[in-house]
Each structure stands twice: as C-alpha cells, then as structure tokens.
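Number of protein chains: 2
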Amino acid sequence: MDTSIAPLAAQTRNAQPPRHDAPLELDITQLQRHMIVTRRKVRAGQYLYRNGQPFRALHFVHAGFLKTCELSEDGREQVTGFRMHGDLLGVESIGLGAHTCDAVALDDAEIWELPYPLVLDALQRIPELRVRLAAALAEEIRRDRVWMLVIGTLPAEQRVAAFLLDLASRLARLGFSARHFILRMGRADIASFLALKHETVSRALSHLEKLEYISVLRREVKLLDIPKLRACVGTPCTVQ
Amino acid sequence: MDTSIAPLAAQTRNAQPPRHDAPLELDITQLQRHMIVTRRKVRAGQYLYRNGQPFRALHFVHAGFLKTCELSEDGREQVTGFRMHGDLLGVESIGLGAHTCDAVALDDAEIWELPYPLVLDALQRIPELRVRLAAALAEEIRRDRVWMLVIGTLPAEQRVAAFLLDLASRLARLGFSARHFILRMGRADIASFLALKHETVSRALSHLEKLEYISVLRREVKLLDIPKLRACVGTPCTVQ
DNA sequence: ACGTCGTGTAACAGCGCGTAACGGCGGCCC
DNA sequence: GGGCCGCCGTTACGCGCTGTTACACGACGT
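So, in structure tokens, the structure goes:
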C-alpha cells in the first residue's frame, strides 16, 4: 500500500481545483495545524478500506474518484455512493472499531488520512470543528435520503437522469463543466447505485440520447437539454 | 400543540421499558443536568415537525411511534424510516436552519426536546457526548445504507421479510416480544419505505403467511419461523 | 346509518429483468 | 506488431415480477 507522509503543498497530476463549500474544506487546512495528515495514494481498482478492516481514520478525498459499497453476508453488493474531491470517507464507521463497507478507487486517488483519535482531540480544542463534523455527518444522511426518494419514487429512466444531474451538479461545484464530463464508473456501478441492472441503465441512456436530452459515447456524457432532464425528474436537483 | 415543561420522572400510559444500548440513552440522563428538556406530546397523525419548519432542537423519542418522510418538490413522498423509544429524531437537519423532512406520529408519542444550542453547549462540557453524538449520527447513516442494500438487491417478498425481522429485532431490544407484535404503520407506509406498492406488500404478507413463516391479521403479526425468514433474506438481520 | 379509510383479492398490463448475442476496446502474450 | 482473449457496453427478445386498476369487505368515526 502506497502510504507516505509528505508536505501537503505538493501537487499531483490529479490535483483538482479547491472547493469552497465543502463541509470540512476549511477545517482541513485548520486540522493540518493540529495533526499529522498522511497523504495516501490509491490506484484505480484498489481498496481504500474494506469491510471488517479496523477503523482508524477519516479519509478526505483530495483527488480522484471512489465508490462505497455495502455488502451482505451472502454476497450481495450495493453501491451506496460516489465520492470526489472535497468529500469525506469513513464517517459511517464512527463509533465502531471496524469499517462496515468497502471504499474502492475508480480512478487514481489521493486521500488525506485524518487519524480518528487525533480528530477527537481536535474536537476538544476547535469548537467550530464540532459543528462542522456534525454537519458533515448530517449532510451524509440527507444525501442518502434523497437517493432513497429517487429510488423509491422514480422509474428507471428518470433515476438515470437524476443521477446525471447530480453528478453534473457536484462537478460544477468543483469548477468543472456540468454539461460535458466523463463517467468514472461503469454501467454496473451506476445500476447498483440506482437499484437497477446495467442493461436497464444502458437502455435508459440510449433512450435519453434518442430524445436528444443527452449524448453518450461510452463513458463520455454531454447534457444537451438540462431543463428537460430536470423536468422529467421533478427538479429535485439543482445544477447551475 | 401540547408542550409542557415537567419533571422527567413522570410516567405516561405509553411508557416503555428503558433501552440500555441506545446511542444517547445514557447521555439523555446526563443531559438533563445541563439543559431544560421539554416534554412534548404528539398525537397519532400529528406532525412532530414538517419540511421547511425551523430546526431548533433534536427530538428524543421516549414513547410512541413515528415515521420520517422525505418529500420532493413535485409531491412525491418517501418514507425513510420508523422511530421508536430510544431513537433520536431531527439529526438530519443539523447544520441547517430548517428541517428537510417530515416527522409524523403513527401512535401517540412523547418526545423529549433537546434545544440544539444547548446541545452544542453541552458538547463543549461533556467530552463523552461528542463521541456519542457522532456515533449516533454514524449509526443513522449505517441504518440507511443497510436499507439501500435491502431495497437494491432483494425482491419484494424478501424486503418485507427483512422489514419484519428488523422491526422484531428493534422491539426485542426494547424488551418486547420479537415474535408477536402490532404494526403501527399502514401497508402504504411499509410499501413506501420498501420502495413497493401497498398491494405488493399485501401479496407478500399473504404469501409469507401461506408459507407459514408468519401469521397476519390486519396489523397483528406473529413470526412463526424466524430461521426461515432470516434464510430468505440472507441473514443480514440479527434478531435474538 | 352512512361515508371514509384501510386492507385483501383478483385480473390485467407493463416495466424492468434475465439471457443471449454482438461489437468495440484494451491488455496480454507470442 | 499481430493475434488472441477478456471486459465492457449495447441491443434484442421473452418472460416474470410488480404496478395498475377495480372491487369487496370490515373497522371506524361522524
């Protein structure tokens, strides 16, 4: 495992523009003064952590793209989310000794590790951090609930549309184009996340393309008609 | 709205046995020494809070039964969970000024209100509370993720079985029977929570009854063969 | 008594699933 | 470099589960 301690100023080829509304962004810079933050690289396809492994740190995604997977005892798997720059990973394991899910890099990633005991120390000294951490956890809950709403109330094609709009919105907040982007995950991952099968996702993308709402070429996506996309989803997503 | 400040020792007809492993149970008694806890009664069918209302307090369920509903702008509704004694409500709104979902009593409930500013104060003075609150939020995330797994990977009948087992497990932790209980919610609420329609829930319950795994009479449920139920779900639920 | 709401059953329709085949792309070894 | 193979994505087809619709029954409140 490629783990190293290095100055945080270093840039990587995956470096992404700063995000200003990330729940912990401001605190990350503050946290650096209070604890040693380990920079860790995770190559595409590698696990950042796995179900059952000891929980020792929170993980701040500095660059790259990851998915989180919930696992059942009998081998079923459910993608529960995708993480990119500015997102915090591992919060779901707070209060436990071990991780309860997998985190897999879908693209070479740089992770800043925040040792949990040091985070607890910092919570004592930095009042604002207490508010921020709780807010970050609450935001995680809200995000999950929004997807429960999407999955529970929308048919397949609209789920896919909602997914694309959400991705676009998050990329836009990072300063990337919301209209033209590359999917970092395969159809199967999208399908799992949306509680569908990968063929259904394929069909939905093809149909949205036929409607000229989007254009798709393998993993390259262009959103051609965002208002129409939003309309068919009930406009829960705010993009631009 | 029936809101009163009263000694916490008072008993109500809905009083339930204490729960010893609740994330905040111990802190609740501790919190009483640090803040005024308002006891609030919410009658069946009434809202504890609604989407958009100002967020001022966390709500500890002392007695009764509630559901939380996520809402979309175009009127869709998704039940995101059911709460009973020992559960904490409103954590999803931390960091925001207003609630983002509805909380509805399905049965006369007694709620202990913890004013959020006072909770923040207490966080400063009680180190253990910091750990506990974060853990409670994390547990909320884990619960949601387990249901994403259930909904995303199991067919209708097995979702219903998983739902019954989860309910049984939670009731058992409160000291109630896991094999015989009354559903406090209607078929439609179960259906929404499981991303199904109420007729499908009805069918599933009838079929599980025909298999003699359970017996159902309106809202009265008996679990006749818990091992079989667990088997058809992949044993993610631990009951007894 | 009446109306309303929640529930159970049935018949039908349709969305999405399962399987399969095909094609493109990239990695690997020769 | 060329050929092979495996993975990913797309599309087609038939079917099954689930949604839809409809109706009947019972509980409950008015």
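The listed protein sequences correspond, in order, to chains A and B. Per our numbering, the first sequence runs over residues 1 to 240. Per our numbering, the second sequence runs over residues 1 to 240. Glycine included, every Cβ here is placed at the ideal spot set by N, Cα and C.
1) Rounded to the nearest angstrom, what separates Gly152 (chain B) and Leu154 (chain A) at their Cα positions?
2) Can you check DSSP and say which residues form a bridge with Glu110 (chain B)?
3) Taking the Cβ atom as the reference point for each residue, do Leu149 (chain A) and Glu92 (chain B) lie within a distance shorter than 8 Å?
4) Using a beta-carbon distance cut-off of less than 9 Å, what residues from the stretch 132-163 of chain B approach chain A?
5) Go through its chain and collect everything with a Cβ distance to Thr200 (chain B)'s Cβ below 7 Å, but skip five positions before and after it.
6) List the whole-angstrom C-beta distance separating Trp112 (chain A) from Arg56 (chain A), where the pair is believed to meet the contact cut-off of C-beta under 8 Å.
7) The stretch 91-114 of chain A: which residues have C-beta closer than 8 Å to a C-beta of chain B, in chain order?
8) At least one CB of chain B closer than 8 Å to the CB of Ala195 (chain A): is that the case?
9) Would you be able to state if there are at least three C-beta pairs under 8 Å between the stretch 132-148 of chain B and the stretch 203-212 of chain B?
10) So, do the stretch 49-67 of chain A and the stretch 75-92 of chain A have three or more beta carbon pairs nearer to each other than 8 Å?
11) For a quick check, are the C-beta atoms of Gly95 (chain B) and Glu140 (chain A) less than 8 Å apart?
12) Express the C-alpha separation of Leu205 (chain B) and Asp225 (chain B) in angstroms, rounding to a whole number.
13) Once DSSP output is grouped into helix, strand and coil, what is the label at Val221 (chain A)?
14) Going by the beta-carbon positions, is the gap between Arg219 (chain A) and Leu183 (chain A) smaller than 8 Å?
15) How is Ile214 (chain A) classed by DSSP in three states: helix, strand or coil?
16) What would DSSP say about Gln53 (chain B), mapped onto helix, strand or coil?
17) Indicate whether at least one CB of chain A lies closer than 8 Å to the CB of Leu123 (chain B).
18) Do the stretch 117-137 of chain A and the stretch 118-126 of chain B meet, that is, are 3 or more Cβ pairs less than 8 Å apart?
19) Helix or strand or just coil, what does DSSP make of Glu77 (chain A)?
20) Between Val104 (chain B) and Phe193 (chain B), how many whole angstroms is the CB-CB distance? I'm expecting something under 8 Å.
21) Would you tell me roughly how many angstroms separate the C-alpha atoms of Gly234 (chain A) and Leu165 (chain A), rounded to the nearest one?
22) Any Cβ of chain B within less than 8 Å of the Cβ of Gly234 (chain A)?
23) Hey, Leu167 (chain A) and Phe176 (chain A): beta-carbon distance below 8 Å or not?
Looking at the coordinates:
1) If you take the alpha carbons of Gly152 (chain B) and Leu154 (chain A), they lie about 14 Å apart.
2) The partner list for Glu110 (chain B) (beta bridge, DSSP) reads B:Lys41 and B:Ala63.
3) Taking 8 Å as the Cβ cut-off, Leu149 (chain A) and Glu92 (chain B) do not qualify as a contacting pair.
4) Residues passing the 9 Å Cβ filter: Arg132, Leu133, Ala134, Ala135, Ala136, Leu137, Ala138, Glu139, Glu140, Ile141, Arg142, Asp144, Arg145, Val146, Trp147, Met148, Leu149, Val150, Ile151, Gly152, Thr153 and Leu154.
5) Result list for Thr200 (chain B): Ala156 and Ala191, in chain order.
6) Not quite, the Cβ-Cβ distance comes to about 14 Å (not below 8 Å), so this is no contact.
7) Of all residues in the stretch 91-114 of chain A, Val91, Glu92, Ser93, Ile94, Gly95, Leu96, Thr100 and Cys101 have a Cβ within less than 8 Å of some Cβ in chain B.
8) Contact of Ala195 (chain A) with chain B is assigned, a C-beta pair being separated by under 8 Å.
9) In the pairwise beta carbon analysis, the stretch 203-212 of chain B is classified as not touching the stretch 132-148 of chain B: fewer than three pairs are separated by under 8 Å.
10) Judged by Cβ distances under 8 Å, the stretch 49-67 of chain A makes contact with the stretch 75-92 of chain A, as three or more pairs qualify.
11) No, the Cβ-Cβ distance between Gly95 (chain B) and Glu140 (chain A) is not below 8 Å.
12) Asp225 (chain B) and Leu205 (chain B): Cα-Cα distance of roughly 14 Å.
13) Three-state result, Val221 (chain A): strand.
14) Taking 8 Å as the Cβ cut-off, Arg219 (chain A) and Leu183 (chain A) qualify as a contacting pair.
15) Correct three-state label for Ile214 (chain A): strand.
16) In the three-state scheme derived from DSSP, where H, G and I count as helix and E and B as strand, Gln53 (chain B) is classed as coil.
17) For Leu123 (chain B), the answer is yes, since a Cβ of chain A falls inside 8 Å of its Cβ.
18) They touch, by the three-pair rule.
19) Glu77 (chain A) sits in a strand when the DSSP states are folded into three classes.
20) Rounded to the nearest angstrom, the Cβ distance from Val104 (chain B) to Phe193 (chain B) is 13 Å, too far for a contact under 8 Å.
21) Answer to the nearest angstrom: the Cα atoms are 12 Å apart.
22) Yes, its Cβ sits closer than 8 Å to a Cβ of chain B.
23) No, these two residues do not count as a Cβ contact at 8 Å.
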